[in-house]
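Okay, so here's the structure we're looking at.
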Amino acid sequence: MAIVIIRQDGKIDLWKNALLEADPLLEVYSYLEEHPKEAITLALIWKHPKGSLTPYKNLKCIASAGAGVDYIFEDETAPEDIPITRIVDPYLAGDMSEHVLATILAYIKNLNAYKLNQFKNIWKPMDYKRIKDTTVGIMGLGELGALTATDLSKAGFPVQGWSRSHKEINGVSVFSGKDSLDAFLTTTGVLVCLLPLTPETTGILNKELFKKLPNRAFVINVARGGHLVDEDLLEALDNGHLSGACLDVYHQEPLPKAHPFWNNEKIHMTPHYASVSDTSSVIPQIIENYKRLRKGEPLLNEVDRNKGY
Ligand code: NDP
Ligand code: OXD
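Be aware that the sequence shown starts at 23, since it is given in our numbering, and climbs by one per residue.
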């Protein structure tokens, strides 16, 4: 039994060293080095090159090193008959909640607009909003969305959320199912997308949805670029229906230099770094699953292949 790490962001050594530090007896390889492919039973991957799982004929588990697994379903060559696991971690959820809180505060207090004016030597006071008057609507009330909703509510924001199945979250009004989406949108002043990317949610942030938001609403997409129809966002910002947007994720990452988002003053961008798996916190669940795999026990944080998340 051995583990292979497949990722293209220069972090293979970081993950390999973290695994070996936690358990020096592990057999761990980078997919780029010579290694015994038939010994590999667990692939620890993040945005792997399509087809790179094919050589591992004895693979028993695909472990996503992040919360999202959409990129695994997009690889039609990935094995379909073995479990997929994902990361569920308090830092991953907490970092996302902090990122969303910071983004909303910057928006209601005009911090990004003032920064732009500073570079143009413009002195222009702008009306600000108060927390108590800013209704935040969170799409997706899973590990990240539920904590974000709870924290925003504790900070004093009126918070509502939307998910597939009903939830009880203290201080949060919950809407569930397609039929309640319109009611959720009409009272949402700041919309936060924390849905997984699936065939059902692809392109959900589109012109029809934007029209249902109140005039001058603000949109935050921290989930996946595939949720957003880019042209529809640009149009809604242009015609003033939306007052601004904050994006962390894009159809193509890094975002191509010629993309119109770069030069749009109403769009605040971050480079898919709202919340990142912290090896020191997430390695134990990978090792625990590796042990469970060996013993044939149920795995932690297994993805439901039928639901796609
Ligand atoms: P979870 O799987 O825990 O939660 C997903 C939530 O979305 C659930 O509440 C689920 O409903 C809901 N949902 C799924 N499909 C639908 C649908 N069709 N209609 C309504 N609700 C739906 O995911 P996480 O909270 O762990 O992560 C969410 C996403 O955040 C990830 O998939 C990833 O794309 C993104 N992410 C982004 C990061 C970044 O740095 N930008 C970092 C980490 C994650 P139900 O509860 O009823 O199943
Ligand atoms: C994740 C991410 O899904 O970083 O963990 O986007």
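Yeah, the Cβ is synthetic: ideal placement off N, Cα and C, and Gly gets one too.
Please read these numbers as outputs of a predicted model, since none were measured by experiment.
For His273, which residues from the same chain have a beta carbon less than 6 Å from its beta carbon, with the 5 sequence-adjacent residues on both sides left out?
So the list reads Gly247, once near-sequence residues are dropped.
Residues with C-beta closer than 5 Å to any heavy atom of the ligand OXD, in chain order:
Selection around the ligand OXD by beta-carbon proximity, strictly under 5 Å to any non-hydrogen atom, yields Gly88, Ala89, Gly90 in chain order.
When you compare the CB positions of Asn345 and Ile67, do they come within less than 8 Å of one another, or not?
Residue numbering for the chain in the displayed model covers 23 to 331; residue 345 lies beyond these limits and cannot be assessed.
Straight-line Cα distance separating Asn143 from Ser119:
Computed Cα separation, rounded: 33 Å.
Does the beta-carbon of Gln182 have 16 or more other beta-carbons within 10 angstroms, so that it is buried, or is it exposed?
If you draw a 10 Å sphere on the C-beta of Gln182, you find 16 or more other C-beta atoms in it, and that means buried.
Reducing DSSP to helix, strand and coil, say where Gln182 ends up.
In the structure shown, the three-state DSSP call for Gln182 is strand.
Can you check whether the CB of Lys59 is closer than 8 Å to the CB of Pro77?
In this structure, Pro77 places its C-beta atom within 8 Å of the C-beta atom of Lys59.
Is the beta carbon of Val214 closer than 8 Å to that of Val158?
Yes. Within cutoff.
In the DSSP assignment, what residue or residues form a beta bridge with Met118?
DSSP, once it has assigned bridges, lists no residue as partnering Met118.
What residue does the alpha helix (DSSP H) around Val304 start on, and which one ends it?
Where Val304 is concerned, the enclosing alpha helix (DSSP H) stretches over 301-317.
If you check the beta carbons only, do Ile126 and Ile104 fall under 8 Å apart?
Going by C-beta atoms, Ile126 is not nearer than 8 Å to Ile104.
Would you say the beta carbon of Met291 is closer than 7 Å to some non-hydrogen atom of the ligand NDP?
Checking the Cβ of Met291 against the ligand NDP gives no.
At 4 residues or longer, what runs of the alpha helix (DSSP H) sit wholly inside the segment 151-200?
Scanning the segment 151-200 from its first residue to its last, the whole alpha helix (DSSP H) runs of 4-plus residues come out as 165-176.
Close beta carbons around Ser74, own chain, < 7 Å, minus the five adjacent residues each side
Apart from the 5 residues on each side of it in sequence, Ser74 sits with its Cβ closer than 7 Å to the Cβ of Ile28, Tyr53 in its chain, given in chain order.
Do Val298 and the ligand NDP come close, with the Cβ less than 7 Å from some heavy atom?
True, at least one ligand heavy atom lies under 7 Å from that Cβ.
Pull up the distance between the alpha-carbon of Thr220 and that of Ile153, whole angstroms please.
Ile153 has its alpha-carbon roughly 32 Å from the corresponding atom of Thr220.
For Leu227, does the count of other Cβ atoms within 10 angstroms reach 16, so buried, or fall short, so exposed?
Its Cβ being crowded by 16 or more others within 10 Å, Leu227 is buried.
Our contact map puts Ala296 next to Val212 with C-beta atoms below 8 Å; I'd like the distance itself, whole angstroms only.
The beta-carbon separation of Ala296 and Val212, rounded to 15 Å, does not stay under the 8 Å limit for a contact.
Where Leu174 and Glu49 are concerned, what is the direct C-alpha to C-alpha distance, given to the nearest angstrom?
So the alpha carbons of these two residues sit roughly 43 Å apart.
Does the beta carbon of Ser202 fall short of 7 Å from some heavy atom of the ligand NDP?
A distance criterion of 7 Å places the beta-carbon of Ser202 beyond contact range of the ligand NDP, judged by its closest non-hydrogen atom.
Beta bridge counterpart(s) of Tyr78 as assigned by DSSP
Bridge partners of Tyr78 according to DSSP: none are assigned.
In terms of alpha-carbon separation, which member of Ala128, Lys146, Val26 lies closest to Ala87?
The shortest Cα separation from Ala87 among Ala128, Lys146, Val26 belongs to Val26.
Between the alpha carbons of Ser265 and Ile160, how many angstroms are there, rounded?
Rounded to whole angstroms, Ser265 to Ile160 spans 18 Å at the Cα level.
Option nearest Asn132 by Cα separation, candidates Lys151, Asp155, Pro218, Arg186
For the residues Lys151, Asp155, Pro218, Arg186, the minimum Cα distance to Asn132 belongs to Lys151.
Within a Cβ cutoff of 6 Å, which residues of the same chain sit near Phe283, ignoring the five residues on either side of it in sequence?
The beta carbon of Phe283 is closer than 6 Å to those of Ile289 in its chain, skipping five residues each way along the sequence.
If distances are taken between C-alpha atoms only, which option among Asn237, Ala100, Glu275, Leu231 comes closest to Asn80?
Comparing Cα-Cα distances from Asn80 to each of Asn237, Ala100, Glu275, Leu231, the minimum goes to Ala100.
With a Cβ-Cβ cutoff of 8 Å, do Leu169 and Trp184 count as a contact?
Result no, Cβ atoms of Leu169 and Trp184 do not sit closer than 8 Å.
In terms of alpha-carbon separation, which member of Thr208, Pro180, Ser187 lies closest to Ser195?
Nearest to Ser195 by C-alpha distance, out of Thr208, Pro180, Ser187, is Pro180.
Can you give me the C-alpha to C-alpha distance between Glu165 and Ala24, rounded to a whole angstrom?
Distance between the alpha carbons of Glu165 and Ala24 is about 29 Å.
Distance cut-off 7 Å: Asp270 Cβ against heavy atoms of the ligand NDP:
In this structure, Asp270 has its CB closer than 7 Å to one or more heavy atoms of the ligand NDP.
If you follow the alpha helix (DSSP H) that Thr208 is part of, which residue opens it and which one closes it?
Thr208 -> alpha helix (DSSP H) spans 203-208.
Work out the CA separation of Phe95 and Pro71 for me, nearest whole Å.
Pro71 and Phe95 have their C-alpha atoms roughly 13 Å apart.
Once the 5 residues before and after Thr51 are set aside, which same chain residues still bring their CB inside 6 Å of it?
For clarity, residue 51 is Tyr in the given sequence; the question names Thr instead. Cβ neighbours of Tyr51 beyond the five flanking positions: Val26, His57.
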